[in-house]
Amino acid sequence: MSAAEVMAAEQRYLLQTYARPAFVIERGEGCYLYDSEGRQYLDCVAGIAVNALGYGDPDVAHAIAEHAGGLIHLSNLYYTRPAIDLAQMLVERTPWADRAFFCNSGAEAIEGAIKFSRRYARDMHGEGKTTIVAFSGSFHGRTMGAVAVTAREKYREPFEPVMPGVRFAPFNDAAAAAAAISDDVCGVIVEPVQGEGGLSVATPEFMRVLRERCDAVDALLIFDEIQCGVGRTGTLWAHEPYGVAPDMMTIAKPLGGGLPIGAVLMRQKVASTIHIGDHGTTFGGGPFVTAVAQTVFRKIADPAFLDHVREVGDYMGEALADLQAARPDRVLEIRGRGLMRGVVVRGSAGAIREAAHREGLLIATAGDDVLRLVPPLVLSREQVDEAMAKLTKALDVPG
Ligand SMILES: Cc1ncc(COP(=O)(O)O)c(C=O)c1O
């Protein structure tokens, strides 16, 4: 099938929920992707912050091959080892966490966290403490609970009524957050580094006040680290540098090495209010995906690997600052941390993204005026240089 035929079939048969660029990706190697015409792209999207180890990682390939002939799925009705081992690994690397619940995606982890907050509040305080506080610029996923806590109206409004009981407050406004977290609040959900919403980084003061107010009204503080967690910002968890711990944390994207998995980590006080039968999933925590995820997590959680992310992430931050200095007409602000970077641009981020594609660089956007770079975490300094050279050319596009 030619590329044109693939695109025509996509138009005919797939539900049109994504506007894709006009090439067909056929294979990947390390941080590079190749289309059906043999064109090479340096990938600074990584399957939307998923492919942390790049393409064709031999350890992931080995883990997949090793477990492919074993149990792929069994359901949660029976004991199997891999999910338990993965839960132990995650909990042991997360000082405040005691238990894990596994599911299949980020949005499903968010749904779980919302349900666990409501369950906890009902158990501890009776009916009426059901409000969830979320923040401007947030993105938590596409299911009905997750869109309800997602700020941008275009994700919510066409599907209303969504889950009721959500209060939004401005991100990084400590005083407004303190006022919003009142006695009726059961959960407060925040991304330490926002993804889809524009790569804004939470301030230490904001995080501190969220923790203080949650403690004051016994609301659960939930960190959504689906995009910013698992090494992306140069520490295993994005919240580590704040010295503020949540009561629950949602993770997903990179954990399965490209296989679908999500998880909610939680403190024992939350777990104690969840009983047999309260929540469930057919596929979540299956033996195959959790076995592969152990290999992925072990590699990313290695201190030497995280050192690499920090070093190359800092280098990318400096390179982007240089780009801003060179092109103040076009680059207004650099955001983010580690290998999760945002470039606020004057003009259309979409037009620059398309121009970058033509230069052989894949980048994403986060809203109308922010470019998003979330490459594989194995990116090298030389590849940062290559990305910057291509991005610099792409900035010349009109618009
Ligand atoms: C911070 C955050 N939360 C939740 C989600 C939803 O995850 P999923 O697309 O796996 O449902 C995303 C996805 O981009 C995300 O970035």
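Just so you know, the sequence shown maps onto residues 720 to 1118 in the numbering used here. Note that CB positions come from ideal geometry on N, CA and C, so glycine has one too.
1) So, with DSSP's three-state summary, where would you put LEU793?
2) Report yes if the C-beta distance between GLY976 and CYS822 is below 8 Å; otherwise report no.
3) Among residues of its own chain, excluding the 5 on either side of GLU944, which ones have a beta-carbon nearer than 8 Å to its beta-carbon?
4) For VAL936, which residues of its own chain have a beta-carbon under 8 Å away from its beta-carbon, when the five flanking residues on both sides are left out?
5) Identify the continuous beta strand (DSSP E) that holds GLU879 and give its terminal residues.
6) Exposed or buried, which one is GLN987 when buried takes at least 16 other CB atoms within 10 Å?
7) So the candidates are VAL907, GLN946, GLU872, GLY953; which of them puts its Cα closest to the Cα of GLY931?
8) If you drop the 5 nearest sequence neighbours on each side, which residues of the same chain put their C-beta closer than 6 Å to that of PHE1002?
9) Look up ILE851 in the DSSP assignment and say whether it is helix, strand or coil.
10) Just mark LYS1109 as buried or exposed, buried being the case when its beta carbon has 16 or more other beta carbons within 10 Å.
11) I'd like to confirm the pairing. Which residues does DSSP put opposite VAL907 in its beta bridges?
12) Of the choices PRO1095, LEU1090, ALA1010, MET726, whose alpha-carbon is the least far from that of LEU761?
13) Taking the beta strand (DSSP E) that ILE1053 belongs to, which residues open and close that run?
14) Does the contact criterion of 3 or more C-beta pairs under 8 Å hold for the region 1077-1089 versus the region 727-739?
15) Does the beta-carbon distance from ARG1072 to LEU1090 come in below 8 Å?
16) Apart from the five residues on each side of it in sequence, which residues of its chain come closer than 7 Å, Cβ to Cβ, to LEU940?
17) For my contact list, VAL1103 and VAL1031 are in at a C-beta cut-off of 8 Å; report their separation, rounded to the angstrom.
18) In or out: HIS1027 buried (at least 16 other Cβ within 10 Å) or exposed?
19) Could you tell me whether the region 989-999 touches the region 832-851, where touching means 3 or more Cβ pairs closer than 8 Å?
20) How many Å lie between TYR798 and PRO1006 at the Cα?
21) Rounding to the nearest angstrom, what Cα-Cα distance links VAL885 and ALA865 in this structure?
22) Quick one: using the 10 Å Cβ neighbour count with 16 as the cut-off for buried, is ILE791 buried or exposed?
23) Relative to ligand 1, is the shortest distance from any of its heavy atoms to the C-beta of ILE900 smaller than 7 Å?
24) If I follow the unbroken beta strand (DSSP E) through ASP1088, where does it start and stop?
25) For ARG739, collect the residues of the same chain with a Cβ closer than 6 Å to its Cβ; drop the 5 residues on either side in sequence, then sort them by chain order.
26) How is ARG812 classed by DSSP in three states: helix, strand or coil?
27) Return the CA-CA distance between GLN1043 and GLY1066, expressed in angstroms with no decimal places.
28) If you check the beta carbons only, do ALA1012 and LEU793 fall under 8 Å apart?
29) Between the C-alpha atoms of ILE833 and LYS1112, what's the straight-line distance to the nearest angstrom?
30) If you drop the 5 nearest sequence neighbours on each side, which residues of the same chain put their C-beta closer than 6 Å to that of PRO889?
31) What are the boundary residues of the beta strand (DSSP E) that includes ARG818?
32) Is any non-hydrogen atom of ligand 1 found closer than 7 Å to the C-beta of GLU872, if you look at the structure I gave you?
This is what the structure holds:
1) Here LEU793 sits in coil by DSSP.
2) No, these two residues do not count as a Cβ contact at 8 Å.
3) Non-local C-beta neighbours of GLU944 in its own chain, meaning closer than 8 Å and more than five positions away in sequence, comprise GLU910, PRO911, TRP956, ALA957, HIS958, MET968, THR969, ILE970, ordered along the chain.
4) Counting only Cβ-Cβ distances below 8 Å, and skipping sequence neighbours, we find ILE900, SER901, ASP902, VAL904.
5) The continuous stretches of beta strand (DSSP E) do not include GLU879, and DSSP gives it neither H nor E.
6) Counting Cβ neighbours within 10 Å, GLN987 comes out exposed, since fewer than 16 surround it.
7) For the record, residue 931 in the displayed sequence is Glu; it is not Gly. Comparing Cα-Cα distances from GLU931 to each of VAL907, GLN946, GLU872, GLY953, the minimum goes to VAL907.
8) Closer than 6 Å at the Cβ level, and outside the excluded window around PHE1002, lie ASN823.
9) Here ILE851 sits in strand by DSSP.
10) By the neighbour-count criterion, in which a residue is buried when 16 or more other Cβ atoms sit within 10 angstroms of its Cβ, LYS1109 is buried.
11) DSSP lists VAL852, LEU940 as the beta-bridge partner residues of VAL907.
12) Cα-wise, what sits closest to LEU761 is PRO1095.
13) Looking at the DSSP string, the run of the beta strand (DSSP E) that includes ILE1053 is 1050-1056.
14) Judged by Cβ distances under 8 Å, the region 1077-1089 makes no contact with the region 727-739, as fewer than three pairs qualify.
15) Yes, the pair counts as a contact, with Cβ atoms nearer than the cut-off.
16) If we look at LEU940 and ignore the five residues flanking it on each side, its Cβ neighbours are VAL907, LEU929, ARG930, CYS933, PRO965, ASP966.
17) That pair is a contact at about 6 Å.
18) Its Cβ being crowded by 16 or more others within 10 Å, HIS1027 is buried.
19) Contact between the region 989-999 and the region 832-851 is present, with at least three C-beta pairs closer than 8 Å.
20) Rounded to the nearest angstrom, the gap between the Cα atoms of TYR798 and PRO1006 is 10 Å.
21) Taking C-alpha positions only, VAL885 is separated from ALA865 by approximately 11 Å.
22) That one is exposed.
23) Every heavy atom of ligand 1 is 7 Å or more from the Cβ of ILE900, so no.
24) Looking at the DSSP string, ASP1088 is not in any beta strand (DSSP E), and its letter there is neither H nor E.
25) Listed in chain order, the non-local C-beta contacts of ARG739 below 6 Å within the same chain number zero, local neighbours out to five positions each way being set aside.
26) The three-state secondary structure of ARG812, taken from DSSP, is coil.
27) Going by the C-alpha atoms only, they are around 14 Å apart.
28) No. Outside cutoff.
29) For ILE833 and LYS1112, the distance between alpha carbons rounds to 44 Å.
30) Contacts found: SER855, ALA895.
31) Bounds of the beta strand (DSSP E) holding ARG818 are 818-822.
32) Incorrect: GLU872 has no Cβ contact closer than 7 Å to ligand 1.
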